[in-house]
Each structure stands twice: as structure tokens, then as C-alpha cells.
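Undergrad: Residue numbers (full-length UniProt numbering): 1 to 180. Attaching a single structure in C-alpha cells format; questions to follow.
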Amino acid sequence: MTQRYSRTAIFLHWLVALGLVGTFALGFYMEGLPLSPNKLKLYSWHKWAGITLFAVIIVRVAWRLSHQPPELPASTGPLAKLAAHAGHLLLYVLMLLIPLSGWLMSSAQGFPVVWFGMVALPDLVPKDKALGDVLQTVHVVLNYTLLAAVVGHVVAALYHQYVKKDGLLQRMLPRLRVNA
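As C-alpha cells, this is what we get:
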């Protein structure tokens, strides 16, 4: 039987995956909209989702650091193991840097981050248009880098599932119980 991740790790993985898809899609969509009250509302929602996701990712990182993941399949060679570990590290770093870069960008551009319209978060840097422009570029580049890393992650999982057939993917899939 293949060693599995814990239910908590699986839940956090898929919650973060869903959050990443949603915030990326919303960010991509709202970027092309003309300035309007609707666009400003979507920016607020994007910030709320980003800050919430940032908190969930911190919980996920803490869980990961305090819980040993299952071993990779025995058929995984040393180079593939190194690539898997490097890929996961890249994903975690990007997932932490992206919401932080968005918060920094908002601060520098003079747009406060107010979580769910109720909790004003502190500005991380003073208002500075030039810095805000740089941070906007950083935020976009980090997001597209994360997109590429996620695509690589998914391709690797599918490779293991359908080519190597080593059970790696099942370790992170939720077990669904069907009552007959």
C-alpha cells in the first residue's frame, strides 16, 4: 500500500490549489478591465482572497515543517528526487512571496489592504509610485513563475500516474467514501 499524506495535508493542499486558481483567474480577469467601481470591488476581493490564502499557506508551511511527508516511491531516482524537492520548495517560496508582493505593491501605491472590508492591515512600505510600479512587475512575474511551476507540478503528477504507474498521485488525492 502506498504511504499517504495526512488528511490535514491533503485538505490544505487542495484548499491552496483552489485558492491559487481563483486568485490567479480573478487577477488575470480584472487586470484588463477599465477603471470602474466594479474593477475596484474585484481588486478588493482579490486582496481579501490573497491575504486569506497567505494565512492558509503559512498554516500549510507550518504543517509541512512539523509533519514528515511520505517517502517518494523507491523507483524514483536521485535526480528526480532532487527535482521534486526543488520544485516543492519553489512552490512554497512563490506561494509566500506572491501575496507579500501584492501587499507591498498596494502599500507603495497608496491603496490600503482592508481584509474583508473590516481589518485594516498596516502599510508595509511608505507610498512611493516608482516602488509601486516595480512591485507590480514583481507581482506579475512571480505569478507567471508560479503558474509555470504549478504546470510542471501537475505534469509530474500525471507522469507518475499514467506513465510510471507508481501510485504517487494517490498519496495526495482525497479518499471519497460512497455510501451505497
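The beta-carbon is built from N, C-alpha and C at its ideal position, and this holds for glycine as well.
#1: Quick check on V113: does DSSP put it in helix, strand or coil?
#2: Mind checking K47: buried by the 16 CB within 10 Å criterion, or exposed?
#3: How about L53 and T8: are their beta carbons less than 8 angstroms apart?
#4: Classify L79 as buried or exposed, calling it buried when 16 or more other Cβ atoms lie within 10 Å of its own Cβ.
#5: Could you have a look at L135 and say whether DSSP puts it in helix, strand or coil?
#6: May I ask which residues mark the beginning and end of the alpha helix (DSSP H) holding Y43?
#7: For G110, collect the residues of the same chain with a Cβ closer than 6 angstroms to its Cβ; drop the 5 residues on either side in sequence, then sort them by chain order.
#8: Compare the beta carbon distance of L135 and L94 with 8 angstroms and say whether it is the shorter of the two.
#9: State buried or exposed for S106, treating a residue as buried only when at least 16 other CB atoms are found within 10 Å of its CB.
#10: Hey, would you say L33 sits closer than 8 angstroms to K39, going by beta carbons?
TA: According to the structure shown:
#1: coil
#2: buried
#3: no
#4: Burial call: exposed.
#5: Here DSSP, grouped into helix, strand and coil, assigns L135 to helix.
#6: P37 to S66
#7: K127
#8: no
#9: buried
#10: yes
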